[in-house]
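Below is one structure, written out as structure tokens; comments come after it.
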Amino acid sequence: MNWLIIFTVVLGVLAVARLLKVMELSAALRGGDVNDITEDNNKNNALTWIVFGVLFFYAFYWQVKNYGALLLPESASEHGLKTDMLFDVSMWIITPTFFATHIFLFYYIFKYYHRKGQKATFFAHSTKLELIWTVIPTIVLTSLIVYGIGTWNEITTPAPQETMVIELYAKQYDWTARYAGKDNQLGKASFRLIDGVNALGIDVKDEAASDDKIVRGEFHIPVGKSVNFKFHSRDVIHSAYMPHFRAQMNCVPGMETMLHFVPTITTAEMRVKTGNDKFDYLLLCNKICGASHFNMQMKIVVESQEEFDKWISEKKTFAQEIAPPAPVAATVDSAAVAADSTKVDSATVKVVAQVH
Amino acid sequence: MSSHAETLDHGHHDAHGHDHEHFHDDHDHHEESFISKYVFSQDHKMISKQFLVTAVFMGILAMMMSIFFRLQLGWPGKSFPILETFLGKWAPGGVLAPDMYLALVTIHGTIMVFFVLTGGLSGTFSNLLIPFQIGARDMASGFLNMLSYWFFLLSSVIMVISLFLETGPASGGWTIYPPLSALPQAMPGSGMGMTLWLVSMAIFIVSSLLGSLNYIVTVVNLRVKGMSMTRLPLTIWAFLVTAILGVLSFPVLFAAALLLIFDRSFGTSFYLSDIYIGGQALEHTGGSPILFQHLFWFLGHPEVYIVLLPALGLTSEIISTNARKPIFGYKAMIGSILVIAFLSFIVWGHHMFITGMNPFLGSVFTFTTLLVAIPSAVKVFNYITTLWKGNIVFTPAMLFAVGLVSTFITGGLTGIILGDSALDINIHDTYFVVAHFHIVMGASAIFGMFAGVYHWFPRMYGKMMNKQLGFAHFWLTIVSVYGVFFPMHFLGLAGIPRRYYTNTEFALFDSFSDINAMISTFAILGAIAQCLFLFNFFYSIFKGAKTKHNPWNANTMEWTAPTEHIHGNWPGAIPEVHRWPYDYSKPGMPEDFVQQTVPLQNGEVESH
Numbered sequence: 002m003n004w005l006i007i008f009t010v011v012l013g014v015l016a017v018a019r020l021l022k023v024m025e026l027s028a029a030l031r032g033g034d035v036n037d038i039t040e041d042n043n044k045n046n047a048l049t050w051i052v053f054g055v056l057f058f059y060a061f062y063w064q065v066k067n068y069g070a071l072l073l074p075e076s077a078s079e080h081g082l083k084t085d086m087l088f089d090v091s092m093w094i095i096t097p098t099f100f101a102t103h104i105f106l107f108y109y110i111f112k113y114y115h116r117k118g119q120k121a122t123f124f125a126h127s128t129k130l131e132l133i134w135t136v137i138p139t140i141v142l143t144s145l146i147v148y149g150i151g152t153w154n155e156i157t158t159p160a161p162q163e164t165m166v167i168e169l170y171a172k173q174y175d176w177t178a179r180y181a182g183k184d185n186q187l188g189k190a191s192f193r194l195i196d197g198v199n200a201l202g203i204d205v206k207d208e209a210a211s212d213d214k215i216v217r218g219e220f221h222i223p224v225g226k227s228v229n230f231k232f233h234s235r236d237v238i239h240s241a242y243m244p245h246f247r248a249q250m251n252c253v254p255g256m257e258t259m260l261h262f263v264p265t266i267t268t269a270e271m272r273v274k275t276g277n278d279k280f281d282y283l284l285l286c287n288k289i290c291g292a293s294h295f296n297m298q299m300k301i302v303v304e305s306q307e308e309f310d311k312w313i314s315e316k317k318t319f320a321q322e323i324a325p326p327a328p329v330a331a332t333v334d335s336a337a338v339a340a341d342s343t344k345v346d347s348a349t350v351k352v353v354a355q356v357h
Numbered sequence: 168m169s170s171h172a173e174t175l176d177h178g179h180h181d182a183h184g185h186d187h188e189h190f191h192d193d194h195d196h197h198e199e200s201f202i203s204k205y206v207f208s209q210d211h212k213m214i215s216k217q218f219l220v221t222a223v224f225m226g227i228l229a230m231m232m233s234i235f236f237r238l239q240l241g242w243p244g245k246s247f248p249i250l251e252t253f254l255g256k257w258a259p260g261g262v263l264a265p266d267m268y269l270a271l272v273t274i275h276g277t278i279m280v281f282f283v284l285t286g287g288l289s290g291t292f293s294n295l296l297i298p299f300q301i302g303a304r305d306m307a308s309g310f311l312n313m314l315s316y317w318f319f320l321l322s323s324v325i326m327v328i329s330l331f332l333e334t335g336p337a338s339g340g341w342t343i344y345p346p347l348s349a350l351p352q353a354m355p356g357s358g359m360g361m362t363l364w365l366v367s368m369a370i371f372i373v374s375s376l377l378g379s380l381n382y383i384v385t386v387v388n389l390r391v392k393g394m395s396m397t398r399l400p401l402t403i404w405a406f407l408v409t410a411i412l413g414v415l416s417f418p419v420l421f422a423a424a425l426l427l428i429f430d431r432s433f434g435t436s437f438y439l440s441d442i443y444i445g446g447q448a449l450e451h452t453g454g455s456p457i458l459f460q461h462l463f464w465f466l467g468h469p470e471v472y473i474v475l476l477p478a479l480g481l482t483s484e485i486i487s488t489n490a491r492k493p494i495f496g497y498k499a500m501i502g503s504i505l506v507i508a509f510l511s512f513i514v515w516g517h518h519m520f521i522t523g524m525n526p527f528l529g530s531v532f533t534f535t536t537l538l539v540a541i542p543s544a545v546k547v548f549n550y551i552t553t554l555w556k557g558n559i560v561f562t563p564a565m566l567f568a569v570g571l572v573s574t575f576i577t578g579g580l581t582g583i584i585l586g587d588s589a590l591d592i593n594i595h596d597t598y599f600v601v602a603h604f605h606i607v608m609g610a611s612a613i614f615g616m617f618a619g620v621y622h623w624f625p626r627m628y629g630k631m632m633n634k635q636l637g638f639a640h641f642w643l644t645i646v647s648v649y650g651v652f653f654p655m656h657f658l659g660l661a662g663i664p665r666r667y668y669t670n671t672e673f674a675l676f677d678s679f680s681d682i683n684a685m686i687s688t689f690a691i692l693g694a695i696a697q698c699l700f701l702f703n704f705f706y707s708i709f710k711g712a713k714t715k716h717n718p719w720n721a722n723t724m725e726w727t728a729p730t731e732h733i734h735g736n737w738p739g740a741i742p743e744v745h746r747w748p749y750d751y752s753k754p755g756m757p758e759d760f761v762q763q764t765v766p767l768q769n770g771e772v773e774s775h
């Protein structure tokens with residue numbers, strides 16, 4: 002079978018080669034060169050440009066019509082409304098530009114294709130024209146820059162005090178969420194304290210850690226309340242991407258990144274809005290992180306404060322989680338890990354803790 | 168003191184004498200050996216062909232890779248025997264393995280960006296056109312030029328060898344962000360494959376620097392009498408600025424790669440800190456993975472223009488020649504090249520908006536990034552005005568040049584979205600980005616390269632490429648480029664991340680499976696179209712119809728030299744230059760083109 006394919010391809014290539022030779026010879030008989038661009042060539046290519054142009058615009062329209070409905074639903078976060086607005090304004094600037102420039106392009110190359118006896122206009126320079134199309138883009142872009150940076154500044158302000166803190170902890174290839182608990186303070190953690198029981202490397206001696214709550218598989222957030230996410234990674238760079246909330250931040254080993262937003266639509270409401278009763282908000286990984294990068298996800302549930310309070314109250318605190326086998330054991334474990342590190346290392350742990 | 172001066176003088180005299188002998192007496196009856204003519208050639212024309220043919224082979228590889236991963240993306244999990252034929256254990260039962268998927272994506276990007284569109288594009292056309300169009304016998308240093316090619320070939324060979332490793336080639340994405348690329352525990356491709364990738368790139372950078380320095384020196388020093396900077400064709404301006412960008416930015420990538428080599432092999436911690444992987448805590452502390460991204464994109468962003476500017480230069484020349492009209496706004500075109508080049512050094516942060524950088528820094532990079540749209544807009548308007556009231560001849564080269572204008576507009580406009588930090592948050596690393604850069608940089612640059620090959624093929628090989636195949640190649644290519652990349656904007660806006668082996672793990676993305684199958688179909692169509700080009704290219708080298716002298720009736724210097732290749736380009740003295748290169752359809756002239764070597768007529772005003 003494979004040989005048959007190869008044989009056919011070789012035969013095809015030889016046939017085309019012969020055909021080209023025949024064309025060349027017949028052109029020579031007519032007293033021309035086979036590769037001279039004829040008047041017909043110019044006309045046909047010019048016509049093809051028009052056909053292409055029409056199809057091009059139609060394809061644009063068709064895609065907007067058919068694929069437009071598949072895009073993300075309305076933003077489920079407060080700041081997302083602002084960036085969606087900025088997006089719409091930008092699209093209203095670039096789409097007409099796209100059409101206008103392409104219409105001029107297609108029209109001119111069709112109208113001015115080469116004909117015998119036609120002469121091009123010698124027009125090399127016009128200060129006026131060049132000034133116009135330098136100044137207009139400058140004005141448009143300056144407005145966009147001012148608007149864009151304004152939006153950026155609004156949405157990147159530090160989180161308000163009293164905002165609930167949640168850590169999103171990434172590793173190959175899953176997510177863990179840690180709620181800061183009653184004191185709203187995450188307990189200190191270090192990669193050197195990681196072991197089988199303590200997957201996040203939380204420092205059991207830190208008071209702030211005892212009321213932290215660790216959840217996997219899905220995490221819940223209350224609607225209408227600001228949430229301050231702190232991101233960590235234990236191995237490679239991941240990126241926490243929550244497209245429905247227009248939120249994304251890289252998780253970088255060795256440093257803490259953060260963002261905050263206010264969810265505005267509960268999962269239940271969004272199911273009604275999208276007409277999809279299986280709809281769920283998702284946290285995805287959006288930075289290449291290895292073989293299973295494509296399946297590193299966590300469900301997000303947005304619900305009312307009461308529902309959230311109920312859900313979170315059923316979760317064990319970190320202290321409870323490590324309590325049953327006696328907390329002493331865990332301490333010994335982490336001490337064992339620290340045992341083979343040198344003095345320099347324990348100093349670094351301190352630095353790391355400060356950074357955190 | 169005086170003896171020193173004498174030696175210098177003597178040396179100079181000798182060199183001159185040698186030149187003289189070489190160019191005027193020697194070339195006719197001196198037979199070069201096969202080795203010195205075809206293999207270790209120091210002649211810019213041969214070196215340019217060597218670059219082109221090497222790049223074509225690398226391009227075939229990269230294109231095949233894209234088809235392989237498009238098969239998986241279009242029809243996830245379906246068995247394709249061809250995958251097992253080529254990839255063996257990496258596609259058991261004809262289904263691509265996730266590790267190999269990432270490897271293919273990585274090497275496809277690496278080869279296309281560096282080997283095809285940097286080495287291939289600049290290497291081919293800077294070498295061919297700089298000496299020809301400025302009226303020089305050859306590059307300033309033929310020897311360095313030869314080295315530049317041989318380092319390029321060596322780095323290509325090493326990159327290809329890395330494909331055959333047991334653990335597979337580098338697979339952390341072409342941007343090779345550590346720690347993923349630094350730790351073999353993180354993925355198999357970060358073992359030996361990554362080592363070879365880094366070695367190959369280090370050698371590639373050597374090649375690029377040798378070439379660029381040579382281009383700069385040649386343009387600055389070896390212009391023929393009368394060839395002032397404002398009489399240079401825009402191609403040369405583009406090559407010169409590209410070379411300067413390369414010299415200033417590639418060393419930074421070299422530094423980044425070197426530090427990564429240290430981290431990987433010698434236990435340093437430039438990019439690594441606080442890592443627990445493979446069941447153990449690593450000793451590395453104090454480094455920052457973000458540092459690598461700063462260094463990488465300090466090259467990476469100018470690299471976009473290293474790829475794009477030569478393509479824009481080539482098309483400026485081709486559009487003017489085939490519209491039979493001077494390029495509109497010659498000085499504005501030079502100005503925009505310079506402004507784009509300058510801005511390209513202060514926008515790198517827009518690749519890093521969501522790394523957790525200080526928001527103030529984000530707004531600075533948004534500001535500088537959106538400014539790039541201004542000189543780009545000027546270029547587009549100038550292209551369109553050049554076509555206005557022209558007398559347009561549709562050679563295959565011209566079709567591709569116009570295609571570039573279209574893709575440059577389409578892809579450039581979405582840059583206004585991506586460059587805006589507030590908008591980048593939600594489309595960063597999605598298919599929207601894939602669509603944007605493939606259209607604005609991939610398609611535009613490759614269109615420029617095809618345009619250049621069709622246009623200067625007669626100058627390179629003394630033969631013509633078949634026009635009908637050229638037409639078919641263009642129309643199929645532009646249809647498949649838009650068929651592949653335009654729908655990707657929608658995938659991105661729907662929140663689909665790039666570099667996903669499959670989207671089937673998310674019910675969220677189920678409605679997109681048809682679109683992905685359609686995209687893959689267009690990609691296969693595009694690959695078939697490239698076979699037309701490959702056939703045409705190799706067939707025409709050996710069997711193509713002979714070209715006539717100056718087949719496109721162009722003005723530039725390369726068409727004043729004889730069609731046959733001779734060492735030194737022109738027999739006898741190099742003709743003097745008297746005008747700019749864009750006197751097409753100038754009123755009062757007998758023909759619709761006036762070569763640069765034609766003196767101004769009585770009362771004629773020189774145009775700019």
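Line by line, the protein sequences are chains A and D. Residues in the first sequence are numbered consecutively from 2, following this note's numbering. Residues in the second sequence are numbered consecutively from 168, following this note's numbering. Cβ atoms here follow ideal geometry from the backbone N, Cα and C, with glycine treated the same way.
| Asked | Found |
| --- | --- |
| Beta carbon proximity, residue 710/D to chain A, threshold 8 Å | yes |
| Extent of the continuous alpha helix (DSSP H) to which residue 272/A belongs | 268-275 |
| Length at least 3, wholly inside the segment 156-225 of chain A: the beta strand (DSSP E) runs in chain order | 165-172, 175-180, 214-217 and 219-223 |
| Those runs of the alpha helix (DSSP H) which lie wholly inside the segment 376-437 of chain D and span at least 4 residues | 401-432 |
| Per-residue contacts from residue 649/D into chain A (C-beta, under 8 Å) | 57 and 60 |
| Near-chain A residues of the segment 508-542 of chain D (beta-carbon distance less than 8 Å), N- to C-terminal order | 521, 522, 523, 526, 529, 530, 533, 534, 537, 538, 540 and 541 |
| Spatial distance of residue 273/D from residue 416/D (CA atoms) | 21 Å |
| Three-state secondary structure assigned by DSSP to residue 756/D | coil |
| Three-state secondary structure assigned by DSSP to residue 444/D | strand |
| Contact residues within the segment 185-200 of chain A, judged by C-beta distance below 7 Å to chain D | 192, 193 and 195 |
| Straight-line Cα distance separating residue 503/D from residue 671/D | 45 Å |
| Three-state class that DSSP yields for residue 251/A in the structure shown | strand |
| Status (buried if at least 16 other CB within 10 Å, exposed otherwise) for residue 48/A | exposed |
| Validate contact between the segment 661-668 of chain D and the segment 676-695 of chain D using beta carbons, cut 8 Å, 3 pairs | yes |
| Chain-ordered residues of the segment 286-307 of chain A with a beta carbon less than 8 Å from chain D | 286, 287, 288, 289, 290, 291, 292, 293, 294, 295, 296 and 298 |
| Strand pairing of residue 228/A, partner residues [DSSP] | 165/A and 262/A |
| Cβ of residue 134/A within 8 Å of any chain D Cβ | yes |
| Three-state secondary structure assigned by DSSP to residue 283/A | strand |
| Closest residue to residue 188/A among 196/A, 211/A and 167/A (Cα-Cα distance) | 211/A |
| Sequence-distant residues of its chain with Cβ nearer than 6 Å to residue 774/D (five each side left out) | none |
| Residue 275/D - containing beta strand (DSSP E), residue span | Taken as a continuous stretch (DSSP letters only), residue 275/D belongs to no beta strand (DSSP E), being part of the alpha helix (DSSP H) at 265-277. |
| Residue 299/A - containing beta strand (DSSP E), residue span | 298-304 |
| Given 8 Å, three or more beta-carbon pairs between the segment 278-285 of chain A and the segment 296-304 of chain A | yes |
| 8 Å Cβ shell around residue 296/A - same chain, five flanking residues per side excluded | 174 |
| Exposure label - residue 716/D; buried when at least 16 CB within 10 Å | exposed |
| Cβ-based neighbour list, residue 414/D, same chain, cut-off 6 Å, excluding 5 preceding and 5 following | 379 |
| Expected contact under 8 Å - CB spacing of residue 113/A and residue 753/D to nearest Å | Not a contact, Cβ separation roughly 17 Å. |
| Residue 186/A to residue 457/D span [Cα, whole Å] | 26 Å |
| Simplified DSSP state of residue 667/D, which is helix, strand or coil | coil |
| Spatially closest choice to residue 474/D from 681/D, 665/D and 284/D, by CA coordinates | 284/D |
| Beta bridge counterpart(s) of residue 713/D as assigned by DSSP | 630/D |
| The segment 312-327 of chain D contacting the segment 368-376 of chain D, beta-carbon criterion three pairs below 8 Å | yes |
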